[in-house]
Amino acid sequence: MSDSSIDWLTKDRAGAGTEDDGLRDLDWYHHDLSRHAAEAVLLSNGKDGSYLLRKSHDDPKLYALSVRGTDSVKHFQIERTECSIKFGFNEFHSLSEFVSHFANQPLIGSETGTLLILKRPYPREVAEPSIYESVRVHTAMQTGRTEDDLVSEAPSLGTKEGYLTKQGGRVKSWKTRWFILHRNEMKYFKDKMSTEPIKILDLTECTGIQFDYSQEKVNCFCLVFPERTYYMCTKTGVEADEWIKLIRWKLTQIKKSAKT
Ligand code: 4IP
Numbered sequence: 053m054s055d056s057s058i059d060w061l062t063k064d065r066a067g068a069g070t071e072d073d074g075l076r077d078l079d080w081y082h083h084d085l086s087r088h089a090a091e092a093v094l095l096s097n098g099k100d101g102s103y104l105l106r107k108s109h110d111d112p113k114l115y116a117l118s119v120r121g122t123d124s125v126k127h128f129q130i131e132r133t134e135c136s137i138k139f140g141f142n143e144f145h146s147l148s149e150f151v152s153h154f155a156n157q158p159l160i161g162s163e164t165g166t167l168l169i170l171k172r173p174y175p176r177e178v179a180e181p182s183i184y185e186s187v188r189v190h191t192a193m194q195t196g197r198t199e200d201d202l203v204s205e206a207p208s209l210g211t212k213e214g215y216l217t218k219q220g221g222r223v224k225s226w227k228t229r230w231f232i233l234h235r236n237e238m239k240y241f242k243d244k245m246s247t248e249p250i251k252i253l254d255l256t257e258c259t260g261i262q263f264d265y266s267q268e269k270v271n272c273f274c275l276v277f278p279e280r281t282y283y284m285c286t287k288t289g290v291e292a293d294e295w296i297k298l299i300r301w302k303l304t305q306i307k308k309s310a311k312t
């Protein structure tokens, strides 16, 4: 760790340094990485427990820690105040204190009941080969198209996984299942260790999601499909709210992309 990283807070307090003094020396600090790119990078090239630090685009005082779980990426807020760095219930008074906390493989318990162990930082610099394929054929497949016909697209990210208790379709028994929300699919498995999903729900078919108060359970929400309404519940209201917010956001994105 270089001296400048230890100085992160003090330099800032004195107003002498730039906002990222010190942080830039951390090889797992990805200054400009968006939430989208962090998810893509960690899902495609990270492992369970890989994490990185990035700047939040919402507020100059906020940073985000993106952590890869088994099949999803969770983002946690880190707040930098005048004299400390706040992360969850912890407060650190220097960057080195904050960094050594990570060296001890901290455990993060999220509202979804899953525990994440921060195992390995994901570096900003990754070895890249400078080896290129040679072009043998290069011809148009569709003629008459112009630059205006090029529409860039990518499915919206936003991943989430965790246990939800769901109600059966015809037989109304409640079963706790492991859910993975990825792209426009919500899959559920018998448990976290299962590799084959019981079912895959296609969110492009989903017509809505909302809190539900019609069931005997609390923290319940329903996911409406033309042929069935799925009732699910979580341990806490915060958790239900997280699922609802993310799924609702995905449904809005799906609607938007259907219009274009
Ligand atoms: C089952 O009840 C489970 O709740 C199933 O859930 C459910 O299937 C069945 O719905 C329901 O009959 P029992 O285990 O008490 O028999 P899971 O698949 O998570 O095990 P769904 O469609 O909800 O997955 P029906 O519609 O088959 O009755």
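Under the working numbering, the first residue of the sequence shown carries the number 53, and numbering increases by one thereafter.
The C-beta atom is built at its ideal place from N, Cα and C for all residues, glycine as well.
These numbers were taken from a predicted model, which means no experiment stands behind them.
| query | result |
| --- | --- |
| Val125 versus Thr281: straight-line alpha-carbon distance, rounded | 27 angstroms |
| N- and C-terminal bounds of the beta strand (DSSP E) containing Ile250 | Counting along the chain, Ile250 falls outside any beta strand (DSSP E), and DSSP gives it neither H nor E. |
| Length of the line joining the Cα atoms of Thr288 and Tyr184 | 51 angstroms |
| Cβ-based burial, Tyr265 [other Cβ within 10 Å; buried from 16] | exposed |
| Per-residue DSSP class, three states only, for Ile183 | coil |
| Ile252: CB within 7 angstroms of a non-hydrogen atom of ligand 1 | no |
| Val290 beta carbon near ligand 1 (any heavy atom closer than 7 angstroms) | no |
| Start and end residues, beta strand (DSSP E) containing Trp226 | Trp226 to His234 |
| Any non-hydrogen atom of ligand 1 within 7 angstroms of Ser225 CB | yes |
| Residues near Glu91 in its chain [Cβ-Cβ closer than 8 angstroms; skip 5 each side] | Ser118, Val125, Leu209, Gly210 and Thr211 |
| Buried versus exposed call for Thr286 [16 or more other C-beta atoms within 10 Å across all chains shown] | buried |
| Check: Arg229 C-beta below 7 angstroms from any heavy atom of ligand 1 | yes |
| The segment 137-145 touching the segment 191-210, judged by at least three CB pairs closer than 8 angstroms | no |
| Opening and closing residue of the beta strand (DSSP E) in which Val125 lies | Val125 to Arg132 |
| Arg176 vs Tyr283 beta-carbon contact at 8 angstroms | no |
| Rounded distance between the beta-carbons of Ile250 and Leu275, thought under 8 angstroms | With a Cβ gap of about 15 angstroms, Leu275 and Ile250 do not count as contacting. |
| Beta-bridge partners of Ser136, as assigned by DSSP | According to DSSP, which records beta bridges pairwise, Ser136 is partnered with nothing at all. |
| C-beta atoms of Tyr115 and Arg87 nearer than 8 angstroms | no |
| Alpha-carbon to alpha-carbon, Leu168 and Glu149 | 20 angstroms |
| Buried or exposed by the 16-neighbour rule on C-beta atoms within 10 Å, applied to Leu159 | exposed |
| Straight-line Cα distance separating Pro173 from Met53 | Because the pLDDT at Met53 is just 43, under 50, the model does not fix this residue reliably, and the value given afterwards should be weighed accordingly. One C-alpha to the other measures close to 15 angstroms. |
| Residues of its chain near Thr259, where Cβ-Cβ distance is below 6 angstroms and the 5 sequence neighbours each way are ignored | Val276 |
| Cα-Cα separation between Val151 and Val223, rounded to whole angstroms | 51 angstroms |
| Length of the line joining the Cα atoms of Gly121 and Ser102 | 8 angstroms |
| CA-to-CA distance, Glu291 to Leu170, given in whole angstroms | 21 angstroms |
| Nonlocal neighbours in the same chain, by C-beta distance under 7 angstroms from Asp55, ignoring five residues either side | For Asp55, the predicted structure reports a pLDDT of 42, less than 50, and the residue's modelled location is therefore unreliable. A value from the coordinates is still provided. Cβ within range, chain order: n/a, list empty. |
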